[in-house]
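2 protein chains.
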Amino acid sequence: MTWFTVIKKSEERTSDNASGRCGLLQTPHGEIQTPVFMPVGTRAAVKGIIPQQLYQTHTQMILSNTYHLLLRPGAAVVEQLGGLHRFMGWDRPILTDSGGYQVFSLSTLNRIGQDEVEFASHIDGAKVVLSPRIAIRVQNQLGADIIMAFDECVALPCRRDRMLESVERTLRWARLSREAHERTEDQLLFGIAQGGTDKELRTYCCEKLIEIGFDGYAIGGLSVGESHEEMIDTVNHTAELLPADKPRYLMGVGTPRDIVAAIAAGIDMFDCVLPTRNARHATAFTHQGTIKLRNETFKLQNEPLDEDCDCYTCRNFSRAYLRHLFMVDEMTGPILVSIHNIAFYQHLMAQARRAIQENRFNDWAARWSRYDMERKNTKKTD
Amino acid sequence: MTWFTVIKKSEERTSDNASGRCGLLQTPHGEIQTPVFMPVGTRAAVKGIIPQQLYQTHTQMILSNTYHLLLRPGAAVVEQLGGLHRFMGWDRPILTDSGGYQVFSLSTLNRIGQDEVEFASHIDGAKVVLSPRIAIRVQNQLGADIIMAFDECVALPCRRDRMLESVERTLRWARLSREAHERTEDQLLFGIAQGGTDKELRTYCCEKLIEIGFDGYAIGGLSVGESHEEMIDTVNHTAELLPADKPRYLMGVGTPRDIVAAIAAGIDMFDCVLPTRNARHATAFTHQGTIKLRNETFKLQNEPLDEDCDCYTCRNFSRAYLRHLFMVDEMTGPILVSIHNIAFYQHLMAQARRAIQENRFNDWAARWSRYDMERKNTKKTD
Chain A
1 MTWFTVIKKS EERTSDNASG RCGLLQTPHG EIQTPVFMPV GTRAAVKGII
51 PQQLYQTHTQ MILSNTYHLL LRPGAAVVEQ LGGLHRFMGW DRPILTDSGG
101 YQVFSLSTLN RIGQDEVEFA SHIDGAKVVL SPRIAIRVQN QLGADIIMAF
151 DECVALPCRR DRMLESVERT LRWARLSREA HERTEDQLLF GIAQGGTDKE
201 LRTYCCEKLI EIGFDGYAIG GLSVGESHEE MIDTVNHTAE LLPADKPRYL
251 MGVGTPRDIV AAIAAGIDMF DCVLPTRNAR HATAFTHQGT IKLRNETFKL
301 QNEPLDEDCD CYTCRNFSRA YLRHLFMVDE MTGPILVSIH NIAFYQHLMA
351 QARRAIQENR FNDWAARWSR YDMERKNTKK TD
Chain B
1001 MTWFTVIKKS EERTSDNASG RCGLLQTPHG EIQTPVFMPV GTRAAVKGII
1051 PQQLYQTHTQ MILSNTYHLL LRPGAAVVEQ LGGLHRFMGW DRPILTDSGG
1101 YQVFSLSTLN RIGQDEVEFA SHIDGAKVVL SPRIAIRVQN QLGADIIMAF
1151 DECVALPCRR DRMLESVERT LRWARLSREA HERTEDQLLF GIAQGGTDKE
1201 LRTYCCEKLI EIGFDGYAIG GLSVGESHEE MIDTVNHTAE LLPADKPRYL
1251 MGVGTPRDIV AAIAAGIDMF DCVLPTRNAR HATAFTHQGT IKLRNETFKL
1301 QNEPLDEDCD CYTCRNFSRA YLRHLFMVDE MTGPILVSIH NIAFYQHLMA
1351 QARRAIQENR FNDWAARWSR YDMERKNTKK TD
């Protein structure tokens, strides 16, 4: 079955294989236009936004986290209640990550074995074991449209021998994940390439992953502390190694500038907590850069967050009102700015798709290379 | 101008003057069907619900608080930004209270004078003065469709001489409020009857208020600690004293049982924080009584909060999912249950209006006299 089709490649390609491209991704819950941005719904909920509003932001697909759902409410509970889509009232596609990143970033590790990792839950310290087999079984139970191989993600910078060891473990776990996958008829399984910013290791990891064979390939282990330039350099290198006829997913990235540069490198899928996390901290994305709404400047500004945005928030509320909501701690502040920030990201993706189709991607992308915002680790869990 | 019309009185009337009735209330922002329930938007926002969703709950009108808006962002700011409707993106009618209740319940009083009261802001302790003149000027600036006279509201129980003094002050302030009102062409001004549960004082207060003459009359000072029976006894007594051709508003009430009993007494308008406040504490209204969603019982319940409800929440989410949202502290838990609880109240009002029009109000109301929930002071500020 051909479930991913590249419908248009940028004629202004950056290389033979990797270049900005538009595609269609078929899933049991509908067709997705790529490049696609997935808001993060860690605990089976995108923070502050109910599905009705998320649809209005033109969100096609969301991400949810295996690690968190495994701990609460538990995969068996979600399965018994009809699977993740039914559980969270979201009938468009979902991707679940494998829990690998969270195990290594959120929890206290007790033991890393050959085939499994034992950790203390970040909630109550309870001992939990995850392995490729368990991570895949849990994802089979949750029932997302796309599921991810269980991987190890290390913080950067990292010693080369430690990184090699981690890549070998990730590859071993990728094979075990592939073997464990039982819902091949209705869930796509993606492998995850690791290797930090080491190009040789990235090459090695990609080659081995392609040998195993996956429905799509993710680039993991980036946006964890390295600079924008290092990250994009690695993405350019890695995307080129991946099969042109499979979707490429850059995990946990990023700022508008990161995303635009990664689209140019041939990436098709993104997820990031930035739009919702920034919204909760009163920071809104605009075409002129991000703005911090608590600033006194906005006290009497009767215009919308972004004149070029037609989201629900921008059509109905002023900067002054949104500032007021944050100053008096009203929940609708984070809600309304989350709607806008996600709509802003979805508008960015729509612009990118259109620019590729109209052969003017490079021109359009150049504007975003100066997009003004602080860059930190964007790859947090929301 | 006839801006209030009683279109149907219950044939099963409880007394000659006071009986359940349906009416139409014309305002500059549209026509309201009474009896009407107003969700509380204290700081120019109904907690957790954006206007788009509030419209979907069939909310016709909301209440906002002068006291809070006076402190933040300030009446001049709201006025400069186009008034309260434009500011908060709500284009249906709004009622603002006068701040009287909050001055006496939330702040530290420094001094009660003849014509004014000085208090310390509950936010930063800043000295603030409110008077009938200021409260009305602020409400003229905010621009709600219905505004309230500045009154004194005392806690119950209360000594009779103290209550008499308070009634005299409320009457004096009612006169001053009437004189201060400058937007008589597009804002209705309601007087507020006080007097606690003392029928003689209630009678006296109503007679004097009617002499002054208002566009509508509110019953204040109830649901502040007295029993349901005491409250309804006072409402029955007081409603009967008020002009039949003007709307009657019972402030800050209450539980479904309170509201149904007060409709029987001839009350047309209600506001209360219960649906939203309970929602934030994981308590949902159902036709079988209130339920506390954190209870383990709901862990695997795949049915909606209330089988008889067709709100967005009940059409899309299970009790188990809503419980999960509260257990993991997701904002969408309070959001979704607030939507349901307000829809529940609006459905209650729609049922009441229909029962009156179909001459079966008493039968319908009897079912609600046993509605199961704790009763406390419902007259808090949200």
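Protein chains in written order, with the numbering used here: chain A, 1 to 382; chain B, 1001 to 1382. C-beta: ideal position from N, C-alpha, C; glycine also.
Test: N302 of chain A CB closer than 7 Å to a CB of chain B: yes
Limits of the unbroken alpha helix (DSSP H) element including E1179 of chain B: R1160 to A1180
Once DSSP output is grouped into helix, strand and coil, what is the label at F1214 of chain B? coil
Between the Cα of I1259 of chain B and the Cα atoms of B:H1347, B:R1043 and B:R1111, which residue gives the shortest distance? B:H1347
Taking Cβ positions, are D151 of chain A and G220 of chain A nearer each other than 7 Å? yes
What does Y55 of chain A touch in chain B if you count any residue whose Cβ is under 9 Å from its own? Within chain B, no residue comes near Y55 of chain A; the closest Cβ sits about 12 Å away, beyond 9 Å.
Own chain partners of P51 of chain A with C-beta closer than 7 Å, once the 5 adjacent residues on each side are dropped: G89 and W90
Residues that I1062 of chain B contacts on chain A, provided the C-beta gap is smaller than 8 Å: Those do not exist, as I1062 of chain B stays about 13 Å from chain A at its closest Cβ, beyond 8 Å.
What residues from chain A crowd round Y1328 of chain B, counting only those whose CB sits closer than 7 Å? The residue you asked about is not Tyr; residue 1328 of chain B is Val in the sequence shown. The answer, in chain order, is R43 and R72.
Contact list for E52 of chain A against chain B, beta-carbon separation under 7 Å: Per the sequence shown, the amino acid found at residue 52 of chain A is Gln instead of Glu. The contacting residues are Y1312.
Between H324 of chain A and chain B, is there a C-beta pair that is closer than 7 Å? yes
Anyone know if the C-beta pair for D1382 of chain B and K1047 of chain B falls short of 7 Å? yes
Following the continuous beta strand (DSSP E) through T1286 of chain B, name the residue where it begins and the one where it ends. T1283 to T1286
In whole angstroms, what is the alpha-carbon distance linking A1262 of chain B and F1004 of chain B? 19 Å
Is it the case that the Cβ atoms of T1197 of chain B and E1240 of chain B are separated by a distance below 7 Å? no
Tell me where the beta strand (DSSP E) around E31 of chain A begins and ends. G30 to T34
If T1313 of chain B sits next to L1305 of chain B, beta carbons under 8 Å apart, how far is it from one beta carbon to the other, in whole angstroms? 6 Å
Spatial neighbours of V1078 of chain B in its chain, beta-carbon cut-off 7 Å, leaving aside the 5 residues before and after: L1069, L1084, F1087, Q1141 and L1142
Since A282 of chain A and L274 of chain A are thought to touch, with beta carbons under 8 Å apart, how far apart are those beta carbons, to the nearest angstrom? Not confirmed; about 14 Å, so no contact.
Starting from D271 of chain A, trace the beta strand (DSSP E) both ways and give me its first and last residue. M269 to D271
Using CA atoms only, rank isn't needed, just tell me which of A:T27, A:I62 and A:R21 is closest to Y345 of chain A. A:I62
List the DSSP bridge partners of M1148 of chain B. B:F1190
Got a sec: is the Cβ-Cβ distance from A1320 of chain B to anything in chain A below 7 Å? yes
Buried or exposed for P157 of chain A, please, with buried defined as at least 16 other CB atoms from any protein chain shown within 10 angstroms of its CB. exposed
Closer than 7 Å, Cβ to Cβ, to anything on chain B: give me those residues from the stretch 101 to 125 of chain A, in chain order. none
Decide if T1238 of chain B is buried, meaning its Cβ has at least 16 other Cβ atoms within 10 Å, or exposed. buried
What is the rounded straight-line gap between the Cα of V6 of chain A and the Cα of G23 of chain A? 4 Å
Under the assumption that I94 of chain A contacts A144 of chain A (Cβ atoms under 8 Å), give the Cβ distance between them as a whole number of angstroms. 4 Å
M349 of chain A - DSSP class collapsed to helix/strand/coil: helix
Closer than 8 Å at the beta carbon, the chain B residues around K383 of chain A: Look at the range of chain A in this structure, 1 to 382, and you will see that residue 383 of chain A is not part of it.
Where do the N-terminal and C-terminal ends of the beta strand (DSSP E) with Y249 of chain A fall, by residue? R248 to L250
When the Cα atoms are used, what is the spatial distance from C205 of chain A to R169 of chain A? 11 Å
Give the DSSP-derived three-state secondary structure of C206 of chain A in the structure shown. helix
Could you name the residues of the stretch 1235 to 1268 of chain B whose beta carbon sits closer than 7 Å to any beta carbon of chain A, in the order they occur along the chain? none
Let me check understanding here. Comparing Cα to Cα, which of B:S1064, B:A1284 and B:A1343 lies closest to A1320 of chain B? B:A1284
Specify the secondary structure class of L201 of chain A as computed by DSSP and reduced to three states. helix
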